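One structure is given here, and the rest of the page talks about it.
Numbering (my numbering), first residue to last: 402 to 540.
Have a look at this one:
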C-alpha cells in the first residue's frame, strides 16, 4: 500500500479537520507516516489503539428500531484500514536493495494514455477493455 493512498483513505474517514480528539490524534499519527520507520509508526498506532479502544467500542441504540450501531463508525473504519494495511505500508523499508518508492505517484502518468483511451469507450464490457489494453501494450 502506498503512503499517499493510505493517507487519502484516512482523510476520507476523518476529514481534513477532525472534530473528535481520537480523530485528531490518529490524523497526527498518520501525518508522520512518510517520515518514520515501521517500528516507530506501529508503536505510536498501538499506543493510540489502546488509549481509544473503549471509546471506539461505544454504541448508540436507535430508539425507533431498537438496534445498535457503533457511535464512531468513521474513526473505527480509519483504524481498521490502518490495521489491515500496516504490514504493507513499509515494504520499501524491508527491501532497500529494490529501491521501492514509498508512493506510487510516479506510475500515475505512465498509464494515463491507457486510461484516456479506455475512458473514451465507457460503455464497453470489461473483456473488451482488457483486450484493448493488451493490444496497446503489446504493439
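Note that the Cβ used here is the ideal one computed from N, Cα and C, for glycine as well. What you are looking at is a predicted structure, and each value in this text was computed from that prediction instead of being measured.
Near the ligand GTP: residue i beta-carbon under 7 angstroms from a heavy atom
i	result
residue 497	Although the ligand GTP was asked about, the structure shown includes no ligands whatsoever.
Assumed close pair residue i, residue j - CB separation to whole angstroms, cut-off 8 angstroms
i	j	result
residue 503	residue 404	5 angstroms
residue 470	residue 460	7 angstroms
residue 425	residue 449	Going by Cβ atoms, the distance from residue 425 to residue 449 rounds to 11 angstroms, so no, they are not a contact pair.
residue 415	residue 427	7 angstroms
residue 534	residue 515	6 angstroms
DSSP state of residue i mapped onto helix, strand, coil
i	result
residue 529	helix
residue 462	strand
residue 403	coil
residue 540	coil
residue 425	helix
residue 489	helix
residue 515	helix
residue 555	Residue 555 lies beyond the residue range present for the chain, which begins at 402 and ends at 540; the question has no answer from this structure.
Same chain, Cβ closer than 7 angstroms to residue i, five either side skipped, listed in chain order
i	result
residue 491	439
Bridge partner(s) assigned by DSSP for residue i
i	result
residue 470	461
Own chain, CB closer than 6 angstroms to residue i, minus 5 neighbours either side, in chain order
i	result
residue 542	Missing from the structure shown is residue 542; the chain here goes from 402 to 540 and no further.
Stretch pair the stretch 407–414 + the stretch 439–446: three plus CB contacts closer than 8 angstroms: no
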